[in-house]
Structure formats: structure tokens, C-alpha cells
Ligand SMILES: NC(=O)c1ccc[n+]([C@@H]2O[C@H](COP(=O)([O-])OP(=O)(O)OC[C@H]3O[C@@H](n4cnc5c(N)ncnc54)[C@H](OP(=O)(O)O)[C@@H]3O)[C@@H](O)[C@H]2O)c1
């Protein structure tokens, strides 16, 4: 099935980003349906993308090869339970983008033996520049893995993890990660202003440098460590700044921050499983 029909349950920010990405990638609007209780949201999405929309989740699921659950984690149990009969009858591939809800928990709500892919996208997905970690349960076929991956690739890069526990690490790295870089940008901008640059120049120089460094790191075959060494002349200015950051234990600071985020992700998913 190379052209699956796709139903989005929940037509919020992430669903709209995915649908926009799929259509920009050449997926026919006729293959996509989205359902949401908010009729105005449905009308706006239909008008913007040409897809079919409905306020009836069951209607959306009934003809879908792939169902993307794009509601908030807090309402997922109620939504999944109400779809159980249709999912058991039609057996679609189910993608869940809800943070923290384990595949076994979701599979239980959907009636069992569901082909399930858990996806953890991040906010740059809204600009088709996201990074998504994916995990597939045992029921997912190779073709379904490709279908899941091609949907998430519509909003950026994807990578699979072999063990669901690693989804908490994905959450800590790329899910929460944009905020870490925003904090670094804030700190650099403030430092630039302390050195006497005006706010506009501090902002422009900081943000363009972040973008340029990210592009170099992505586009170069070299590791970030090699790129860093190349721009660090012995006795130069960069070396002094890097020595200061290393002395202040930047690496340990990041390791502790990521561990704290991973542990919180684990705690939250346990809370959602016990609800
Ligand atoms: N945004 C991100 O960067 C991001 C990153 C990673 C993962 N996620 C995950 O993506 C999911 C969606 O996030 P979002 O930011 O797109 O949230 P959102 O904008 O609130 O979208 C959720 C949509 O689901 C609708 N909804 C509520 N109850 C429903 C029901 N019973 N049936 C169908 N639709 C229903 C909501 O309608 P109302 O507004 O009327 O309630 C809303 O339009 C979440 O589970 C989140 O964890 C998001």
C-alpha cells in the first residue's frame, strides 16, 4: 500500500503542521481526513489545505489505512477507548504523537494487538524543520514502518529507536531540546549586550551565528568536535572562551540537564499509565 489514506484525530498545531508538510511533499489532499470537535477549526483546515474534515472521529477512522492520534496526552485515553471498536474492525496502522503515553498502555486502550508507532516530534516541525524519534511495536510491518516514517519526514528528520525506553531520551534531547538552544541564545545575546552591542545587533549576530553553526554541523561530514577544533586557533579568542566554558563544566551541566529531563519524562509517562 504505497498511497495509504491517513486520518488525523485532533486538528491542532501538530496535526496542521504534519498535514501542511504532507501536502507540500505532494501527498494528495484527497488521501487525508482530519477530525476535531471544533467545527471552525475543521473549516479553516479544509479551506487551507483542501483535505476532508469531520467532527466525527469514528467517521475519520473508518476508511483510514493510517490513523494519527494528535490529541493531548490527557484526552488520549478517552479518545482511544472510543475508537477501540473501529480500530479492531479495520486494523489500521496507528501513529501516536502524544508525549509520554507508552505503546502498551495505548494498545490496551485500543483493544490490543494494534500495529503502533510512537512518534516524538518537536516544535520546529511547525516549520518543517523538526526532529522526530520513532518507535514501532512488534505488530508493525516493514511497509507500515515506511508509511510512519514518510509521514513524519514531512516535517523534518526522523530516527528510529529500537527500545521504547529510549523515547524518554528522545524527549530529553530533541523534544525539549529547542528550549535549551533558546536559553543559550538568550545567554549569548545578554553577554553581547554586556560587551556594549545594542540589542538588535546582539540578537542578529547571535541568531545568525546559531543558524550558521547548525547548518555547518549538519552539512559537513565532520563531527562538531572537529569543526570546533578547526575554528580554535592556539592562543586565540575562541580558545579563551572555550576554556572558560570547559572550566565551568558545560559538558557536565548538559549531561545533568538531559538526565533530569529524561527522568521527568519517565515519571510523567508512569503517571499517564496509572490514570
Ligand atoms: N506541539 C509540539 O511541539 C509537540 C511536540 C511533541 C509532541 N506533541 C504532541 O502532539 C499532540 C498534539 O499537540 P498539539 O500541540 O498539536 O496540541 P493542540 O494544538 O491542542 O491539538 C490537539 C487538538 O485535539 C483536539 N481534540 C480535543 N479533544 C478531542 C477529541 N475528543 N477528538 C478529536 N480531537 C480532539 C483539540 O481541540 P480543542 O482545542 O478544542 O481541545 C485540538 O484541536 C500532543 O499529544 C502532544 O504531546 C506536540
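Numbering (this note's numbering), first residue to last: -18 to 256.
Ideal Cβ positions, reconstructed from N, Cα and C, are used throughout, including at glycine.
How would you write the range of the beta strand (DSSP E) that residue i sits in, first residue to last?
| i | result |
| --- | --- |
| residue 169 | Not the beta strand (DSSP E): residue 169 falls in the alpha helix (DSSP H), residues 158 to 175. |
| residue 139 | 137 to 141 |
| residue -13 | -13 to -10 |
| residue 75 | 74 to 77 |
| residue 99 | 96 to 101 |
On the DSSP letters alone, give me the boundaries of the alpha helix (DSSP H) that residue i sits inside.
| i | result |
| --- | --- |
| residue 110 | Where residue 110 is concerned, there is no enclosing alpha helix (DSSP H), given that its DSSP letter is neither H nor E. |
| residue 68 | 54 to 71 |
| residue 205 | 205 to 211 |
| residue 227 | 218 to 228 |
| residue 126 | 123 to 134 |
| residue 249 | 231 to 255 |
| residue 184 | 180 to 200 |
| residue 9 | First-last for residue 9: undefined, no H or E at that position. |
| residue 88 | 84 to 90 |
| residue 154 | Per DSSP, residue 154 belongs to no alpha helix (DSSP H) and is neither H nor E. |
Could you check which residue in the options has the C-alpha nearest to that of residue i?
| i | options | result |
| --- | --- | --- |
| residue 83 | 128, 236, 144 | 144 |
| residue 271 | 101, 227, -8 | Only positions -18 to 256 of the chain appear in the structure, and residue 271 is not among them; the question remains open. |
| residue 185 | 197, 196, 167, 202 | 167 |
| residue 65 | 43, 106, 235 | 43 |
| residue 76 | 198, 172, 219, 133 | 133 |
| residue -5 | 37, 123, 70, 113 | 113 |
| residue 105 | 40, 215, -3 | -3 |
| residue 9 | -14, 111, 158 | -14 |
| residue 70 | 54, 200, 95 | 95 |
| residue 154 | 20, 25, 244, 26 | 244 |
| residue 246 | 54, 88, 176, 192 | 54 |
| residue 18 | 47, 164, 52, 7 | 52 |
| residue 27 | 48, 4, 47 | 4 |
| residue 282 | 242, 176, 39 | Coverage of the chain is limited to positions -18 through 256, which leaves residue 282 absent and any answer about it impossible. |
| residue 251 | 216, 224, 149 | 149 |
| residue 32 | 63, -12, 59 | -12 |
| residue 162 | 239, 123, 130 | 239 |
| residue -16 | 61, 20, 124, 177 | 124 |
| residue 107 | 223, 11, 138 | 138 |
Checking 7 angstroms against the spacing of the C-beta atoms, do residue i and residue j come in under that value?
| i | j | result |
| --- | --- | --- |
| residue 35 | residue 16 | yes |
| residue 2 | residue 142 | no |
| residue 187 | residue 170 | yes |
| residue 98 | residue 121 | yes |
| residue 257 | residue 183 | It is not possible to answer for residue 257, since the shown part of the chain is limited to -18 through 256. |
| residue 254 | residue 152 | no |
| residue 13 | residue 0 | yes |
| residue 73 | residue 117 | no |
| residue 213 | residue 203 | no |
| residue 79 | residue 57 | yes |
| residue 261 | residue 22 | Only positions -18 to 256 of the chain appear in the structure, and residue 261 is not among them; the question remains open. |
| residue 49 | residue 128 | no |
| residue 205 | residue 195 | no |
| residue 249 | residue 81 | yes |
| residue 157 | residue 242 | yes |
| residue 111 | residue 103 | yes |
May I ask you to list the residues that DSSP assigns as paired with residue i?
| i | result |
| --- | --- |
| residue -1 | None, per the DSSP bridge assignment. |
| residue 49 | -11, 76 |
| residue 117 | 98 |
Should residue i be flagged as near chain C, meaning a C-beta pair shorter than 7 angstroms?
| i | result |
| --- | --- |
| residue 195 | This model lacks chain C altogether, as it is built from one protein chain only. |
Residue ranges of each beta strand (DSSP E) within the segment 12 to 40, 3 or longer | Annotation: the segment 12 to 40 contains the following complete segments of the beta strand (DSSP E) (minimum length 3 residues), in chain order: 13 to 16, 33 to 35.
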